[in-house]
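2 protein chains.
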Amino acid sequence: MRNLLLTISFDGSRYHGWQVQENAITVQQTMQDAIERITGSRGNIVGCSRTDAGVHANMYCCNIRTESEIECSKFVTALNAVLPEDISVMKCREVDFEFHARYDCKSKEYIYKIWNSPVKNPFLHKYSYQHKYPLDEEFLNRQAKQFIGTCDFSAFCASGSSVEDTVRTVTNAEVYREGDMVIFKVEANGFLYNMVRIMVGTLLDISAGKIKPDTIDEILLSKDRNRAGITAKPEGLYLNRIVY
Amino acid sequence: MRNLLLTISFDGSRYHGWQVQENAITVQQTMQDAIERITGSRGNIVGCSRTDAGVHANMYCCNIRTESEIECSKFVTALNAVLPEDISVMKCREVDFEFHARYDCKSKEYIYKIWNSPVKNPFLHKYSYQHKYPLDEEFLNRQAKQFIGTCDFSAFCASGSSVEDTVRTVTNAEVYREGDMVIFKVEANGFLYNMVRIMVGTLLDISAGKIKPDTIDEILLSKDRNRAGITAKPEGLYLNRIVY
C-alpha cells in the first residue's frame with residue numbers, strides 16, 4: 001500500500017466545489033472516477049481543503065492510499081489522459097503512509113482577482129469579479145495589512161459555521177494591480193468558511209465608503225460578522241499555493 | 001436612419017462563429033437579438049469578417065443601420081445589459097451611412113496562442129492550443145517573416161474555397177513568447193479561409209521537422225494546399241485588431 005500526494009490545478013466553473021455531494025458534480029468525485037479507471041479500485045481521496053462552487057485552484061493537493069504500483073510519472077500521464085480538460089494533474093510523489101493532505105498542511109495561499117474596468121471582459125466572467133469603479137490598490141494594500149497577525153477571525157467567518165477554534169495566523173495580506181486586474185493575495189495557516197471572500201468584500205466596502213477606513217482591527221476585535229463586508233462572489237477566488 | 005459602428009469582443013467557445021446559421025447559436029444572431037430587444041426592430045447587422053466555431057475576438061467590428069435615436073454611450077450600456085457574459089460591447093460610434101464593416105476594412109490582425117508546455121493548463125483549453133514539445137520562438141519568428149509581402153496565398157487556403165482573388169498583402173508576421181505561451185501574430189489587408197490556422201499549422205510542422213525550414217516561399221509559389229501544413233485548431237485563434 002502506497003500513499004501518493006497529487007498536486008493538481010482546476011478550473012472550478014463547472015464544479016460544485018471539491019467535496020463529494022449527491023446530485024452535483026464535484027472535483028473530488030471526478031478525481032476518484034479517474035483514479036478508479038487507472039487503478040481499478042476507488043479509494044478515498046483526501047483533499048487539502050473544501051472549496052466552494054465556482055472557486056478555482058492554481059494549486060491543490062490531495063493524497064490517496066493505493067495498492068497500485070504504477071510509477072509516479074506514468075500515473076500523472078494516465079490520469080491526465082482520462083480527466084476532463086478543466087482538471088490537470090501536475091505532479092505525483094510518494095509520501096509517508098501517515099501523511100494527510102489536510103492535517104499536514106502548514107499554510108495556504110489564496111488570490112482573489114478583481115477585473116477593475118467599466119468594460120466587461122468576455123473572457124474573464126468566470127475567472128474574476130468585475131468591479132466597475134476605480135480601485136486605489138495602494139490604499140487597499142495598506143488596509144489589507146491589518147489582516148496580518150494571529151487573532152480570532154469570527155467576524156470574517158460565514159455565520160452558521162460550526163468550527164470551534166476561530167483563531168488563525170495570517171502571515172501575508174496584500175493588494176496589487178496588474179493592468180486592469182486588481183489582486184488580493186493572502187496567506188495563513190488556515191482559513192475559516194468564506195474568510196477570504198469576506199475579507200475581499202470588506203476591502204470593497206471600504207473602497208465604496210460603506211465601511212470606514214482603518215477599522216479592520218476593530219471589526220476583528222468585535223468578532224461580529226455583521227460589521228464586516230459582503231461575501232465577494234466565488235468566481236474570483238483561487239487557491240494558489242499549499243505548503244507542507 | 002443612422003449607421004452605428006460597434007466594437008465588440010467575444011469568447012467564441014459557445015458559438016458556431018459569427019454568421020447566422022440554422023440550428024446553431026452564432027454571435028451575429030445573439031447580437032441581433034440584443035439589438036432587437038433595445039431598439040424594437042431587428043435589422044441586418046454587418047460583420048467585419050466571418051469567424052469559425054470556437055474562434056475568439058479581442059476586437060471585432062460590425063455596423064447596423066437603425067432608426068433608434070438612443071445615444072451611443074447609452075446604447076453600449078443597454079446592449080451589455082442584455083447580452084450574455086461572453087460578448088462585450090466596448091464602443092459605439094455613428095459613421096457615414098455608406099460605411100460597411102467588411103468592405104471598408106483596411107487591415108485585420110489575428111493572434112494565435114500556443115500553450116507550449118507538457119503540463120496542460122485547465123484554464124486555457126478553450127483559449128489556446130497545447131503543444132507539448134519545446135518550440136524555438138526565435139527560429140519560428142524567422143520562418144514567419146517569409147509570409148510578409150503581396151502574393152497568392154492559395155497554398156494557405158482551405159481547399160474547396162470558392163474565392164476568386166487569392167492575392168493578399170501580409171504586412172506583419174511574427175512569433176514571440178510570453179512565459180509558456182508562444183504567440184503568432186499576423187496582419188494583412190485580408191485573409192483567405194483558414195489562412196491563419198494553416199500558417200500556424202505550417203510553422204508547427206516546420207518545428208516538428210515534417211516540413212523543411214525556409215521553404216515557405218516555395219510553398220507560396222507552388223499554390224498547392226497539400227504542401228502547406230495542417231490546419232491548427234480554432235481555440236487558439238483570436239481576431240485581435242481591425243483597422244478602417
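Heads up: the protein sequence lines correspond to chains F and U, in order.
Just so we're aligned: 151 in this note's numbering is position 151 of the first sequence, and the numbers increase by one with no gaps anywhere.
Just so we're aligned: 98 in this note's numbering is position 98 of the second sequence, and the numbers increase by one with no gaps anywhere.
All residues carry an ideal CB built from backbone N, CA and C; glycine is no exception.
Take ILE211/F, set aside five residues on each side of it, and the residues of its chain with a beta-carbon closer than 7 Å to its own are THR202, ASP205 and GLY229, in chain order. Secondary structure at SER88/U: strand, using DSSP grouped into helix, strand and coil. The beta carbon of ARG93/U is closer than 8 Å to those of LEU4, LEU5 and CYS72 in its chain, skipping five residues each way along the sequence. At least one C-beta of chain F is nearer than 8 Å to the C-beta of ILE87/U.
DSSP lists VAL167/U as the beta-bridge partner residues of ASP152/U. The beta-carbon distance between ARG177/F and GLU137/F, rounded to whole angstroms, is 4 Å. This is short enough to meet the 8 Å contact definition. For SER9/U, the closest Cβ of chain F is nearer than 8 Å. Our two residues, GLN146/U and VAL20/U, have alpha carbons roughly 35 Å apart in a direct line.
For the pair THR231/F and GLY40/U, the Cα-to-Cα distance works out to about 38 Å.
Taking a C-beta distance under 8 Å as the contact criterion, TYR193/U and SER154/U do not qualify as a contact pair.
When Cβ-Cβ separations below 8 Å define contact, PRO234/F makes no contact with chain U. A straight-line Cα-Cα distance of about 10 Å links GLY149/F and VAL167/F.
VAL163/F and LYS223/F have their C-alpha atoms spaced approximately 14 Å apart.
Secondary structure of ARG241/F (DSSP, three-state): strand. Runs of the beta strand (DSSP E) lying entirely within the stretch 37 to 90 of chain U and spanning at least 3 residues, in chain order: 45 to 47 and 56 to 66.
Out of ILE8/F, THR30/F, ILE45/F and SER207/F, the CA that lies nearest to the CA of ARG2/F is found in ILE45/F. Selection SER13/U, ASN141/U, ARG241/U and TYR244/U evaluated against PHE123/F yields SER13/U as nearest (Cα-Cα). Proximity of chain U to VAL119/F at the Cβ level (cut-off 7 Å) is accounted for by SER88 and MET90, in chain order. A direct Cα-Cα distance of roughly 9 Å separates VAL200/U from LYS233/U. Taking 8 Å as the threshold, the shortest C-beta distance from ASN23/F to chain U does not fall below it. DSSP places GLU109/F in the uninterrupted beta strand (DSSP E) bounded by 107 to 115. Of all C-beta pairs linking the stretch 52 to 64 of chain U to the stretch 75 to 84 of chain U, fewer than three are shorter than 8 Å, placing the two stretches out of contact. Boundaries of the beta strand (DSSP E) harbouring GLU187/F: 181 to 188, taken from the DSSP string. Closest in C-alpha terms to ASN172/U, from the list ASN141/U, ARG197/U and GLY179/U, comes ASN141/U.
Here ARG42/F is exposed, its C-beta having fewer than 16 other C-beta atoms within 10 Å. Rounded to whole angstroms, VAL119/U and GLU67/U show a C-alpha spacing of 52 Å. Against HIS16/U, chain F offers no close residue; the least beta-carbon distance is about 16 Å (beta-carbon pairs closer than 9 Å). Look at PHE139/F here: in three-state DSSP terms it is helix. Scanning CYS62/F, ILE25/F, PHE75/F and GLY17/F for the CA closest to the CA of VAL243/F turns up CYS62/F.
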